[in-house]
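Colleague:
4 protein chains.
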Amino acid sequence: MAQTLTSSDVKGLFDKLSNWGRWGKDDQRGALNYITNQKRAAAARLVQTGESVSLALPLATIPAPDNPTPVTHLMVQAGADSREQPLPYSGDYFAIAPHGMANTHIDALCHVFWNNKMYNGFDASEVGSQGAKKCAIDVTRTGIVSRGVLLDIPRLKKVDWMEPGEKILPEDLDAAEKAQKVRVEEGDVLLVRTGRAAMRKQKGGWDPMRVGLPGLDAACLPWLHERRIAVLGCDAVSDVVPSGYDGVPLPVHVGTLVAMGIHLIDNADLDAVSAASQRLGRNEFMFSMAPLILERGTASPVNPLAIF
Amino acid sequence: MAQTLTSSDVKGLFDKLSNWGRWGKDDQRGALNYITNQKRAAAARLVQTGESVSLALPLATIPAPDNPTPVTHLMVQAGADSREQPLPYSGDYFAIAPHGMANTHIDALCHVFWNNKMYNGFDASEVGSQGAKKCAIDVTRTGIVSRGVLLDIPRLKKVDWMEPGEKILPEDLDAAEKAQKVRVEEGDVLLVRTGRAAMRKQKGGWDPMRVGLPGLDAACLPWLHERRIAVLGCDAVSDVVPSGYDGVPLPVHVGTLVAMGIHLIDNADLDAVSAASQRLGRNEFMFSMAPLILERGTASPVNPLAIF
Amino acid sequence: MAQTLTSSDVKGLFDKLSNWGRWGKDDQRGALNYITNQKRAAAARLVQTGESVSLALPLATIPAPDNPTPVTHLMVQAGADSREQPLPYSGDYFAIAPHGMANTHIDALCHVFWNNKMYNGFDASEVGSQGAKKCAIDVTRTGIVSRGVLLDIPRLKKVDWMEPGEKILPEDLDAAEKAQKVRVEEGDVLLVRTGRAAMRKQKGGWDPMRVGLPGLDAACLPWLHERRIAVLGCDAVSDVVPSGYDGVPLPVHVGTLVAMGIHLIDNADLDAVSAASQRLGRNEFMFSMAPLILERGTASPVNPLAIF
Amino acid sequence: MAQTLTSSDVKGLFDKLSNWGRWGKDDQRGALNYITNQKRAAAARLVQTGESVSLALPLATIPAPDNPTPVTHLMVQAGADSREQPLPYSGDYFAIAPHGMANTHIDALCHVFWNNKMYNGFDASEVGSQGAKKCAIDVTRTGIVSRGVLLDIPRLKKVDWMEPGEKILPEDLDAAEKAQKVRVEEGDVLLVRTGRAAMRKQKGGWDPMRVGLPGLDAACLPWLHERRIAVLGCDAVSDVVPSGYDGVPLPVHVGTLVAMGIHLIDNADLDAVSAASQRLGRNEFMFSMAPLILERGTASPVNPLAIF
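If you read the sequences in order, they're chains P, H, S and Y.
In terms of my numbering, the first sequence opens at residue 50 and continues consecutively.
In terms of my numbering, the second sequence opens at residue 50 and continues consecutively.
In terms of my numbering, the third sequence opens at residue 50 and continues consecutively.
In terms of my numbering, the fourth sequence opens at residue 50 and continues consecutively.
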């Protein structure tokens, strides 16, 4: 399974796979358009046992090599300090830069640029110091509810986890579908498990930019395009790091967010859903996630759910 | 429909309606225990058209009389400033004290105290300057998925909205059930619409503590207990403000969070779900909400979904 | 004392009074260059009694009409929560947008622009989402120590305070010098008292943009230029609000920061220094202020001192 | 120069050296009381050349082993984004937990506790989740202006810097006074240079709690007491780390802040003042520092000045 693409091929892919204009020149939702009412209704019909599983890490308040700017969590009022008040209460405060490498978040389509453009050709300058005027995260305000499909690569490869820098190729996706008896279809939320969360729980966090992360090779982009997925999620950042392509550090980010208009879920925790999938014998479920409505935001922390 | 309770009666209610110990002395989830796998599976079966509706306000970044400490939203990097970087991107940052009166949030059971105790008898001192050691918001980490029921009081009363300070009594809840052809059952997420969000959109925010809010009179507490709801949500703060009871500023908060262990959703926007309910002719739906996993947190901003 | 300038005159002043190039084309310190070692040594010789007076308001943590985004002050650890630790301690955290109207701060020369330029012709685009590459506040890292001079306009006019919107004209500055027996000289830090802090203490804060503030008319700009002051400070924002000139909302800001390279201290509290000046019979003193070294910052909260 | 104290001796010192009650039972300013008007006036008379030197590091916005929770610095508005506004401007925002190991800050007397007490016997519980009700940093609101004295230990020992964990003993202080021709007197701000800032500039930051810091051994406490200093500052944290005394991790913190009521300046940068002292041939100067007026605060970031 040798690498067969060049950097130039990868750059060419961004044009070939482009969904710009597919849903109109003003569209800011991209592949979310694949999720119809019918798709949501069908997703609900997948629910059998009613078991609900979180796909999120806890908000990462502890500094770590993959968390250099941790979530700030402080108290507005502690319990003991409110005794004299008419209604004693406690309250807190948190601050987050959601794109951190240790927080489960969804990337808005305005998060990365290629040749100064975001999805559908909007200019990078649309994201100024007051936030994003185009393709902000609030395009997901009615939530992302669809069929969720898990492709569990460590289970396929019979390992605890993939190693940092280890690539997933299209044939791995095909093999996982076959082995795990599921087929990715139009409008699905595709979740690719690398085992990174499991490795992190055991070994602690590492610096992803220096040490690497397992993930999809850019060669998977045509596969994702053909299957018409709505959203891609991963327990790493979808992209294998390093990418292996000169001048294209995160080609899956560019190919999905910019070219195809596919939102990404980064740094999910797919261990519990993997366990539930194995126990229940099925890799599909109802997926439900509702990003916070941060108008002009480039991301939201999220707690996605798989309902079996 | 005269007020028939005294302040002393209300305080007595907290004891009478207590669920402390009901799910064991260590329980921190309270009435969420009413939501079983079966309940979730049944909720999914309510989905017919697949329409998804948000019940949240956007994060409130603009100062207003009901938003004295607005959400801080700033950019880590704007689009134009990343051109020289290997992968141009934009990113942002936000800071929130989730209990604000203009943000849709869920209160953890540690949020308010009565006689220095929270739900199940845990002491207020369990919430220190490092957060809540008991009944924190992370007890909801696998999400809150259940049957959602809307009782739409302005629709019942044929008004655009209830006025600040206007009370909802148990007979209003009964009347709304009858008129709106729905019955609140065990494990439901009950959403009571007052029209406050609609009034706010038209008139701008006001200071709830000075001007008041429409909401439930403490006399509704036995009704809520009897129906065994799992969660209560409102477009105001569930409690009518002022409460009308001396020494008990927010009796519905105390009765639900402390006595019964019922989580509250404050400051929802129930206008869209009201419109959808009327159009589709049904006040029940699948409810899905996944608070952020903020360990030791007293609340989370949320974007709850109604799926019809 | 009628208004004698037109808006066009005011715009012309910015060119006439320009110090661009005066200290070299790369200069980022502007009129701070007037403060020499000799000037500082002379300032120290002004100290007689050794009395030290703060010219700052406390950091404004309470929302108010002139403080819509208050300073956030929260605890990292309270005293009671550290008892079990090897070294019990308390610690806190604060967040500030220093340009607020209720905080004593110094404006960096990059804070405002005229025709897209800041002081010395640097382009507005030098201030991006990662901060200011030119004229940031860290040019003051060795502090601002010089002769301080107070011109106390309410004392001159025998009023408790000037009213919002009330103008100070050059003849007022002349009259104050004469009455208060002091002459503003090269390299001085000039502090103009309007009584706004006194009025605010008595009446509470008001919205400066709606109600106005007392301050200098643009006609004072040539006077400031001729005297070669190094820094201008005020208990309001130096500019009278509204300015009275169409299309030039804050001409004193533009004339000082952009044209002359004079840093501004906004929202000082000059009541204590006024009282000390009267008691001690002199309106000059050693001035000492050390902005925080925030590289790329546009401002710093400050606590300036007058040492008599 | 062997260690001659036991842990028990050190604990005994806290009682022996106590200044509790010395300035009245309600006093919250401690050794700042040594700084009289006369002392300030005399300090001003030390100024000769008028040269001003900063003793502060820049605010530390970059994560590092000694800076796990860096200062957050973000823009409220960048220059390019304000072009359409009536008055184009830029503005920023920062958030800081001032006690960090890479920021120059002053510790309030409420910062550490011994047997649950702070200076003058106030209880640790006086510092709650709303901040410090006693001994907060705002006791320094009129600034700290006094004679500053530098004792430069690396210069004494003819090394570039002291190593992490290397101790300063009282005889070192005596020797430095003698060699550097200066005597520490009542009311002085004593600055002890270890060279840590110089080492950090060359080698990068390290984790002080794991690797250690140079600083004063607890045996110096009687010396500090006898000299009646007002404030102690250091380019490390005054305490040698590790302290070498079981159960007393930071005895100089306890002995100064709690017992003697001496405020501490941590993480100063004393390299420039060392160079100036050598060049000018004197280790005394006017010291001027004005902490921000953060009511209920436990610290303030500062930029202290030495004026020669």
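Each residue gets a CB set at the ideal place from its N, CA and C atoms; glycine is no exception.
(1) For P/P107, is the classification buried or exposed, using 16 other Cβ atoms within 10 angstroms of its Cβ as the cut-off for buried?
(2) To which residues of the same chain is H/C184 closer than 7 Å at the C-beta, ignoring the five residues directly before and after it?
(3) Under a CB-based cut-off of 8 Å, is P/A308 close to chain S?
(4) Would H/T118 pass as an interface residue toward chain S - the criterion being a Cβ-Cβ separation below 8 Å?
(5) List the residues that DSSP assigns as beta-bridge partners of S/V198.
(6) Under 8 Å between the Cβ atoms of S/F357 and S/A325?
(7) With a threshold of 8 Å between beta-carbons, can S/T55 be considered close to chain Y, or not?
(8) Report the CB separation of S/I155 from S/H274 in whole angstroms; it is logged as a contact under 8 Å.
(9) Using the beta-carbon of each residue, which ones in chain H are nearer than 8 Å to S/D130?
(10) Determine the burial state of P/Q87: buried for a count of at least 16 other Cβ atoms within 10 Å of its Cβ, exposed for fewer.
(11) Can you give the Cα-Cα distance for H/V194 and H/P350, rounded to whole angstroms?
(12) Determine the direct distance from the alpha carbon of P/E100 to that of H/L81, and round the result to whole angstroms.
(13) Just curious, the beta strand (DSSP E) that P/S67 is in, first and last residue?
(14) Quick one: is Y/T305 near chain S, going by C-beta distance under 8 Å?
(15) Residues in the same chain with beta-carbon distance under 6 Å from P/S337, minus the five sequence neighbours each way, listed in chain order, please.
(16) Alpha carbon to alpha carbon, what distance is there between Y/V120 and Y/S67?
(17) Under 6 Å Cβ to Cβ from Y/G346, same chain only, skipping five residues before and after it: list those, please.
(18) Out of Y/Q97, Y/F63 and Y/G197, state which residue places its alpha-carbon closest to the alpha-carbon of Y/V241.
(19) Determine which residues share a DSSP beta bridge with P/C283 and list them.
(20) Using a beta-carbon distance below 8 Å, is Y/A339 in contact with chain S?
(21) Roughly how many angstroms separate the alpha carbons of Y/Q327 and S/A348, rounded to a whole number?
(22) Is P/A127 close to chain B, meaning its C-beta is less than 8 Å from at least one C-beta of that chain?
(23) Report the option in S/V188, S/K65, S/G192 and S/E226 whose CA atom is closest to the CA atom of S/L205.
(24) Buried or exposed: S/D266, going by 16 or more other Cβ atoms within 10 Å of its Cβ?
(25) If we count the other Cβ atoms within 10 Å of its Cβ and call it buried at 16 or more, is H/L343 buried or exposed?
(26) Determine whether the Cβ of S/A91 lies closer than 8 Å to any Cβ atom of chain H.
(27) Determine whether the Cβ of P/M248 lies closer than 8 Å to any Cβ atom of chain S.
(28) For H/L329, tell me which candidate among H/D64, H/V96 and H/K74 has the shortest Cα-Cα distance.
(29) Considering Cα atoms alone, identify which of H/A321, H/G310 and H/L319 is closest to H/D64.
(30) Which of the residues in the stretch 101 to 118 of chain H, read from start to end, lie with their CB under 7 Å from any CB of chain S?
(31) Hey, is S/Y142's beta-carbon within less than 8 Å of any beta-carbon in chain P?
(32) Identify the residues that DSSP records as bridge partners of P/W163: which are they?
(33) Can you have a look at P/G253 and say buried or exposed, based on whether 16 or more other CB atoms are within 10 angstroms of its CB?
(34) What residues of chain P sit near S/M124, judged by a beta carbon separation below 9 Å?
(35) Quick check on the burial criterion: 16 or more other C-beta atoms within 10 angstroms. Buried or exposed for Y/P135?
(36) Could you name the residues that DSSP lists as bridge partners for P/L265?
Modeller: A quick look at the data gives this:
(1) P/P107 comes out buried.
(2) Once the five neighbours on either side are set aside, the close Cβ partners of H/C184 are Q77, A157, L158, C159, M167, Y168 and F171.
(3) So, not an interface residue.
(4) It does; some Cβ of chain S falls within 8 Å.
(5) According to the DSSP secondary-structure assignment, S/V198 is paired through a beta bridge with S/L239 and S/E333.
(6) Note that the C-beta distance between S/F357 and S/A325 is below 8 Å.
(7) False, the Cβ-Cβ gap to chain Y never drops below 8 Å.
(8) Cβ-Cβ separation between S/I155 and S/H274: approximately 20 Å, too far for a contact (criterion under 8 Å).
(9) Here the neighbours are G177, S178 and Q179.
(10) The residue is exposed, with fewer than 16 neighbouring Cβ atoms inside 10 Å.
(11) Near 16 Å, if we compare the C-alpha coordinates of H/P350 and H/V194.
(12) One C-alpha to the other measures close to 14 Å.
(13) P/S67 -> no beta strand (DSSP E), and no H or E assigned at all.
(14) Judged by the 8 Å Cβ criterion, Y/T305 is not in contact with chain S.
(15) Excluding sequence neighbours, P/S337 sits near V194 and L354.
(16) Looking at the two C-alpha atoms, the distance is approximately 35 Å.
(17) The answer, listed in chain order, is A185 and I186.
(18) Measuring C-alpha to C-alpha distances from Y/V241 to each of Y/Q97, Y/F63 and Y/G197 identifies Y/G197 as the nearest.
(19) Answer by DSSP bridge pairing, in chain order: P/V241.
(20) True, the Cβ-Cβ gap to chain S drops below 8 Å.
(21) Looking at the two C-alpha atoms, the distance is approximately 33 Å.
(22) Annotation note: the requested chain B is absent from the structure, which comprises protein chains P, H, S and Y.
(23) Taking only the C-alpha atoms, the option nearest S/L205 is S/E226.
(24) Buried.
(25) Its Cβ being crowded by 16 or more others within 10 Å, H/L343 is buried.
(26) With 8 Å as the cut-off, S/A91 does not count as an interface residue toward chain H.
(27) Not an interface residue.
(28) Here the closest residue by C-alpha is H/V96.
(29) The candidate whose alpha carbon is nearest that of H/D64 is H/G310.
(30) Shown in chain order are the members of the stretch 101 to 118 of chain H whose Cβ falls below 7 Å from a Cβ of chain S: P112, P117 and T118.
(31) So yes, S/Y142 belongs to the interface.
(32) Looking at the DSSP assignment, P/W163 forms a beta bridge with P/K166.
(33) With fewer than 16 other Cβ atoms from the protein chains shown falling within 10 Å of its own Cβ, P/G253 counts as exposed.
(34) Those within 9 Å of S/M124 in chain P are L123, M124 and A127.
(35) With fewer than 16 other Cβ atoms inside 10 Å of its own Cβ, Y/P135 counts as exposed.
(36) DSSP output for P/L265 lists P/I217 and P/D288 as bridge partner(s).
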